[in-house]
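Asker: The opening position of the sequence shown corresponds to residue 3 in our numbering, with each subsequent residue numbered one higher. Quick one: the structure is below, questions incoming.
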Amino acid sequence: MANVVFPFIAMLALAPVASADTVSLDRIELAQVTIHQRIIIRIPRVLGGHPMPQAMPNRALRWDEKRGPKCVSADLLEGAVITGADSVDLIIADGSRLRAELDDHCPALDFYSGLYLKQTSDGLICADRDSIRARSGSICKIDRFKRLEARR
């Protein structure tokens with residue numbers, strides 16, 4: 003509703019105020035106002051990720067890759083960790099991780115200072131559809147997601 007009201011109010015504010023003696027009906031002026039809206043989500047790079055499980059406090063954590071979802075809600079993403087040359091691990095709000103495998107010839111090191119995701123109308127980030135963007139301007143398409151589980 004607000005997207006409809008704002009352009010209407012803006013046009014009324016920009017319209018000239020006419021008095022009764024200056025009204026001229028022989029000349030009609032038309033104007034068009036276009037408002038574009040873009041939302042970019044910034045995912046910060048974190049060092050070390052979420053807290054480790056209590057069973058392994060002193061060892062380096064290793065991950066097993068499992069089949070991942072096709073899409074993930076953008077609202078659930080909290081951070082990113084660069085773990086490989088062609089993938090970025092996404093940290094989910096519940097502490098779990100997803101590995102976003104990137105297109106060929108797309109170095110993950112471009113995302114050293116975090117990454118950006120373009121907000122979609124459905125609020126989901128999907129493999130084979132969406133891309134991640136680096137601050138440097140490079141864009142990498144997400145090939146697939148892998149669910150990561152801590153190795154026991």
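Glycine is no exception: its CB is placed at the ideal position from the N, C-alpha and C atoms. Please read these numbers as outputs of a predicted model, since none were measured by experiment.
1. Using the C-alpha atoms, what's the distance from residue 68 back to residue 57?
2. Mapping the DSSP letters down to three states, classify residue 76 as helix, strand or coil.
3. If residue 104 sits next to residue 148, beta carbons under 8 Å apart, how far is it from one beta carbon to the other, in whole angstroms?
4. Please report the distance separating the alpha-carbon of residue 1 from that of residue 133.
5. What number of angstroms, rounded off, separates the C-alpha of residue 91 from the C-alpha of residue 36?
6. Assuming residue 155 and residue 83 are in contact, meaning their beta carbons sit under 8 Å apart, how far apart are those beta carbons, in whole angstroms?
7. What is the residue span of the beta strand (DSSP E) that residue 100 lies within?
8. Helix, strand or coil for residue 64, going by three-state DSSP, please let me know.
Answerer: Let me spell this out:
1. Translated into positions along the sequence shown, residue 57 becomes position 55. Translated into positions along the sequence shown, residue 68 becomes position 66. Note that residue 57 scores 42 on pLDDT, short of 50, meaning its location in the model is unreliable; the coordinates nonetheless yield the value given after this. Using only the alpha carbons, I get a separation of about 21 Å.
2. Your numbering for residue 76 matches position 74 in the sequence shown. Reduced to three states, the DSSP call for residue 76 is helix.
3. Here the question's residue 104 lines up with position 102 in the sequence shown. Here the question's residue 148 lines up with position 146 in the sequence shown. At roughly 12 Å, the Cβ-Cβ gap does not stay under 8 Å, so residue 104 and residue 148 are not in contact.
4. Within the shown structure, residues of the chain are numbered from 3 to 154, placing residue 1 beyond reach of any answer.
5. In the sequence shown, counting from the first residue as 1, residue 91 sits at position 89. In the sequence shown, counting from the first residue as 1, residue 36 sits at position 34. About 38 Å.
6. Residue 155 falls outside the range modelled here, since the chain spans only 3 to 154, and no answer is possible.
7. Translated into the one-based positions of the sequence shown, residue 100 becomes position 98. Element bounds for residue 100: 99–104.
8. In the sequence shown, the residue the question calls residue 64 occupies position 62. Looking at residue 64 - three-state DSSP - the assignment turns out to be coil, as it is neither helix nor strand.
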